[in-house]
Amino acid sequence: MRFKEGDLVEIIDKKERKFILKLKKNEKFHFHYGFIEHNQIIGKEYGIKILTSKGFSIFVFPLKKSSYILHMKRGAQIIYPKDIGQILIHGDIHRGLKIFEAGGGSGAISIYILSILGKSGKLVTYEIRDDFLNILKENVERFFGEIPKNFILRKRDIYNEGLHEDDKNFDRVLLDLPEPWNALKNVDKGLKKGGIIISYNPTIQQIIKFKIELDKFGNYFFEGMYEIFERRWKIEELATRPVDGMIAHTGFIVVARKI
Ligand code: SAH
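Take 157 as the starting number for the sequence shown in our numbering and just add one per residue.
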């Protein structure tokens, strides 16, 4: 595969800093190592090393979603890639599913889900705040080059307004809300039997309250609650060990299946 105009690419400098570019003929990208011309990238094979105007070498790769979501504009806090990975596994997310999500936030997990679902799947996302909704829309649009046709984005309060009349028969429900138990009555109506509900929250009080309220429904099999640690190591011949810094806490993942 070769880079072409309009592609999003990531540039990695020798200090492993990343920059994201949308390729456009005859444009230049200026940074602390001088500049590079987009024409140095367009038409080349994926994965190249090029020299900046000041003679530094940098790498250019096709954009990974994990780089994109960490660098994109944020309204609400995003779900980190390490947690998104496990949510996709525990939620058994695959092509063709119909998925409901609230709140949309900055769209980090929406972008992953949309890229997996394919044209036969559908994602319906609710977000209560106008400003976050706009950021989400911008982030999704920039990544895919357009708003995918199977992405329905609504400004809606899942606690008080409930599901829109068109939104039903979901295979999965994903909640990333401050008070997910307040959404349960509404999302339960939209989730198919055998479907999976996942809730993501940073504090244990939220998790416990959610589990207690979920148990009251009597029609959910509680599969588990998970916390994900990802520790990066540096590898040098005489000093191979974990790096100093680590993201210590993000959120807990709760998984249940509808009976
Ligand atoms: N999962 C998102 C982050 C969501 S942050 C991501 O990966 O980027 C939680 C979001 O829930 C916030 O944007 C907040 O505005 C929204 N929210 C809070 N209460 C809500 C409600 N009642 N209905 C819909 N969205 C709500």
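Virtual Cβ for every residue (Gly too), placed ideally from N, Cα, C.
Heavy atom of the ligand SAH within 7 angstroms of residue i beta-carbon
i	result
residue 283	yes
residue 404	no
residue 333	yes
residue 215	no
residue 235	yes
residue 355	no
residue 326	no
residue 382	no
residue 288	yes
residue 262	yes
residue 315	yes
residue 265	yes
residue 247	no
residue 258	yes
residue 211	no
residue 412	no
residue 395	no
residue 351	no
residue 252	no
residue 231	yes
As assigned by DSSP and simplified to three states, the class of residue i
i	result
residue 278	strand
residue 189	coil
residue 129	Given that the chain is displayed from residue 157 to residue 415, the structure contains no residue 129 and the question cannot be resolved.
residue 213	strand
residue 383	strand
residue 442	Summary: the structure shown does not reach residue 442, with the chain confined to residues 157 through 415, and so no result is reported for it.
residue 308	strand
residue 202	coil
residue 376	strand
residue 136	There is no way to answer for residue 136, as the model of the chain reaches only from 157 to 415.
residue 237	helix
residue 336	helix
residue 207	strand
Endpoints, beta strand (DSSP E) assigned at residue i
i	result
residue 258	254-258
residue 412	408-414
residue 327	326-331
residue 315	Counting along the chain, residue 315 falls outside any beta strand (DSSP E), and DSSP gives it neither H nor E.
residue 178	174-178
residue 166	164-168
Nearest-angstrom Cα separation, counted from residue j out to residue i
i	j	result
residue 420	residue 333	Residue 420 falls outside the range modelled here, since the chain spans only 157 to 415, and no answer is possible.
residue 245	residue 361	24 angstroms
residue 163	residue 180	8 angstroms
residue 320	residue 395	57 angstroms
residue 336	residue 201	46 angstroms
residue 262	residue 303	14 angstroms
residue 198	residue 271	24 angstroms
residue 339	residue 346	11 angstroms
residue 323	residue 397	49 angstroms
residue 285	residue 377	32 angstroms
residue 194	residue 268	27 angstroms
residue 372	residue 344	12 angstroms
residue 224	residue 348	32 angstroms
residue 327	residue 185	43 angstroms
residue 189	residue 206	12 angstroms
residue 379	residue 196	51 angstroms
residue 228	residue 161	20 angstroms
residue 385	residue 404	8 angstroms
residue 430	residue 281	It is not possible to answer for residue 430, since the shown part of the chain is limited to 157 through 415.
residue 215	residue 314	44 angstroms
residue 213	residue 172	12 angstroms
Alpha helix (DSSP H) segment containing residue i, residue limits
i	result
residue 284	Counting along the chain, residue 284 falls outside any alpha helix (DSSP H), and DSSP gives it neither H nor E.
residue 262	Looking at the DSSP string, residue 262 is not in any alpha helix (DSSP H), and its letter there is neither H nor E.
residue 350	First-last for residue 350: 347-357, but that is the beta strand (DSSP E), not the alpha helix (DSSP H).
residue 225	221-227
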